[in-house]
(Lines of atoms letter the chains of each structure in order from A; the text may use other names.)
(Lines give C-alpha, C1' and ligand atoms only; values in the text may rest on other atoms or scores of the structure.)
Protein backbone atom coordinates (compact mmCIF):
# COMPACT_ATOMS: atom_id res chain seq x y z
CA UNK A 17 0.00 0.00 0.00
CA UNK A 18 2.84 2.38 0.79
CA UNK A 19 4.33 1.74 -2.64
CA UNK A 20 1.06 2.64 -4.34
CA UNK A 21 0.63 5.87 -2.38
CA UNK A 22 4.20 6.96 -3.03
CA UNK A 23 3.76 6.16 -6.74
CA UNK A 24 0.56 8.24 -6.92
CA UNK A 25 2.17 11.10 -5.01
CA UNK A 26 5.29 11.12 -7.20
CA UNK A 27 3.35 10.91 -10.49
CA UNK A 28 0.29 13.07 -9.76
CA UNK A 29 0.52 15.30 -6.70
CA UNK A 30 4.17 16.31 -6.69
CA UNK A 31 3.87 18.76 -9.58
CA UNK A 32 1.08 21.33 -9.62
CA UNK A 33 0.81 21.22 -13.43
CA UNK A 34 0.48 17.44 -13.43
CA UNK A 35 -2.13 17.52 -10.67
CA UNK A 36 -4.23 20.15 -12.46
CA UNK A 37 -3.96 18.25 -15.75
CA UNK A 38 -5.09 15.06 -14.00
CA UNK A 39 -8.01 16.85 -12.32
CA UNK A 40 -9.23 18.45 -15.55
CA UNK A 41 -8.80 15.28 -17.60
CA UNK A 42 -10.63 13.27 -14.93
CA UNK A 43 -13.47 15.82 -14.78
CA UNK A 44 -13.80 15.76 -18.57
CA UNK A 45 -13.85 11.95 -18.65
CA UNK A 46 -16.40 11.73 -15.83
CA UNK A 47 -18.67 14.28 -17.52
CA UNK A 48 -18.47 12.40 -20.80
CA UNK A 49 -19.21 9.07 -19.09
CA UNK A 50 -22.11 10.53 -17.07
CA UNK A 51 -23.67 12.23 -20.11
CA UNK A 52 -23.36 9.12 -22.25
CA UNK A 53 -24.78 6.89 -19.52
CA UNK A 54 -27.70 9.17 -18.72
CA UNK A 55 -28.53 9.56 -22.44
CA UNK A 56 -28.60 5.78 -22.87
CA UNK A 57 -30.83 5.34 -19.82
CA UNK A 58 -33.18 8.09 -21.06
CA UNK A 59 -33.32 6.56 -24.54
CA UNK A 60 -34.08 3.09 -23.18
CA UNK A 61 -36.87 4.38 -20.93
CA UNK A 62 -38.43 6.49 -23.72
CA UNK A 63 -37.86 4.14 -26.65
CA UNK A 64 -40.54 4.60 -29.29
CA UNK A 65 -41.73 7.97 -27.99
CA UNK A 66 -38.93 10.22 -29.20
CA UNK A 67 -38.71 12.07 -32.50
CA UNK A 68 -35.74 10.02 -33.64
CA UNK A 69 -37.86 6.87 -33.24
CA UNK A 70 -41.06 8.09 -34.93
CA UNK A 71 -39.56 10.38 -37.59
CA UNK A 72 -39.47 7.56 -40.14
CA UNK A 73 -43.25 7.14 -40.00
CA UNK A 74 -43.94 10.83 -40.60
CA UNK A 75 -41.33 11.23 -43.33
CA UNK A 76 -42.71 8.22 -45.20
CA UNK A 77 -46.27 9.50 -44.76
CA UNK A 78 -45.32 12.91 -46.14
CA UNK A 79 -43.58 11.31 -49.13
CA UNK A 80 -46.63 9.14 -49.81
CA UNK A 81 -48.91 12.20 -49.69
CA UNK A 82 -46.66 14.05 -52.16
CA UNK A 83 -46.81 11.18 -54.64
CA UNK A 84 -50.59 11.36 -54.96
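Numbering (the working numbering), first residue to last: 17 to 84.
Here a beta-carbon is modelled for each residue, glycine too, at the ideal position from N, C-alpha and C.
- The beta carbon of residue 38 lies closer than 6 Å to those of 28 in the same chain, with the five residues before and after it left out.
- Taking a C-beta distance under 8 Å as the contact criterion, residue 55 and residue 63 do not qualify as a contact pair.
- Spanning the alpha carbons of residue 40 and residue 58 requires a straight line of approximately 27 Å.
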